[in-house]
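In our numbering, the protein residues as written are 93 to 341.
Beta carbons are placed, not taken as given, at the ideal position from N, Cα and C, and that holds for glycine.
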Amino acid sequence: MIAVASGKGGVGKTWFSVTLAHAFSGLKQKTLLFDGDLGMANVDIQLGLMVANDLGSVVAGAATLNQVVHYCDKCRFDVIAGHSGSAGLSAVPVGRLQILAEDLSLFADTYDKVVLDMGAGAEKSIRILSGMSGRVIVLCTDEPTALTDAYAFVKLMAMQYPKCRVEIVVNQAETLREGQQTYNILQKACQTFLKITPPLLGIVRRDARVRDAIRNQMPLITRYPTSEAAEDVIEIARKILQDEQNVQS
Ligand SMILES: Nc1ncnc2c1ncn2[C@@H]1O[C@H](COP(=O)(O)OP(=O)(O)OP(=O)(O)O)[C@@H](O)[C@H]1O
Ligand SMILES: [Mg+2]
């Protein structure tokens, strides 16, 4: 399981999660995309999916996870949509959230990759779902607020889940060089104040075609397969698979 979080809202978590899941499915991985942003669910909207039932029914105890899975034809992966208009994950009692986390963890065993799109912030519910994931990708941009919030998220995860593998992806970088500079700022703060260095997993360039794809509710990899942002995300998916192969061998 791979959780995508950020602290700050609007840095590109949902778009990145959708595109990463799509990249994994293109690399022959059986993939599930889980919308963990209950209350402000966006995954189904970005994909233009019409879903009859979603995570809201699971949280309410009216359905099980396998009853709310939808197959996305466009991307060839499964989706569990969130529920817009309800209270967010923070309103779910911790006991209920733990059960959901355990169910998801069992359900995840039937996939090669499960990508969790988390909501903004660093509240307990987000940390619980992130903490049970094998990897947490913290997305940030070069804006000072995005960097501060990414640092705060890394700090909270390091305190509560010191064994959790937390990595950084710089999104919306003007150039790969500028993305590296953004990472260096975050890395320096983490090293100085937390004595940890979350590695850089990748840099995704700012690309006008991202907005175009979202406006058309089409996955970027389908609409613009050779765009810079698509290439950058596919590269990250390949790197994750390569890391796993290195660990196994
Ligand atoms: N690499 C990129 N290049 C250009 N635009 C981007 C890129 N990544 C994200 N965006 C823009 O950022 C917007 C916000 O993205 P998204 O909804 O995925 O953010 P989010 O972090 O999930 O937000 P929230 O915290 O509200 O859930 C997108 O609609 C898109 O226009
Ligand atoms: Mg989002």
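Item: Alpha-carbon to alpha-carbon, Ser222 and Val206; Value: 12 Å
Item: Nearest residue (CA-CA) to Lys100, options Tyr203, Thr156, Gly131 and Thr240; Value: Thr240
Item: 6 Å CB neighbourhood of Gly118 in its chain, flanking five on each side removed; Value: none
Item: In DSSP terms, what Met210 is bridged to; Value: Gly128
Item: Residues of its chain near Ile288, where Cβ-Cβ distance is below 7 Å and the 5 sequence neighbours each way are ignored; Value: Ala250 and Cys282
Item: Inter-residue Cα distance where the pair is Val296 and Asn276; Value: 15 Å
Item: Leu139 beta carbon less than 8 Å from that of Lys166; Value: yes
Item: Within 8 Å, strictly: CB atoms of Asp204 and Gln264; Value: no
Item: Contiguous beta strand (DSSP E) assignments of at least 3 residues, all confined to the region 234-276; Value: 257-265
Item: Near ligand 2: Thr106 beta-carbon under 7 Å from a heavy atom; Value: yes
Item: 8 Å Cβ shell around Glu194 - same chain, five flanking residues per side excluded; Value: none
Item: Of the residues Gly153, Thr111, Pro291 and Thr318, the one placed nearest Cys164, counting alpha carbons only; Value: Thr111
Item: Buried or exposed (CB count within 10 angstroms, at least 16 for buried), Asp201; Value: exposed
Item: Met224 burial status per 10 Å Cβ neighbour count (16 or more: buried); Value: buried
Item: Close beta carbons around Lys331, own chain, < 8 Å, minus the five adjacent residues each side; Value: Leu293 and Gly294
Item: Whether Asp234 touches Glu270 by CB criterion (8 Å); Value: yes
Item: Whether Val325 touches Ala115 by CB criterion (8 Å); Value: yes
Item: Among Ala305, Ser109 and Val160, the one whose alpha carbon lies nearest that of Leu208; Value: Ser109
Item: Min CB distance Gly104 to chain D below 8 Å; Value: The structure shown contains no chain D, having only a single protein chain.
Item: Buried or exposed by the 16-neighbour rule on C-beta atoms within 10 Å, applied to Met210; Value: buried
Item: Proximity below 8 Å, CB of Leu196 to CB of Phe126; Value: yes
Item: Rounded C-alpha distance that separates Gly213 from Phe285; Value: 21 Å
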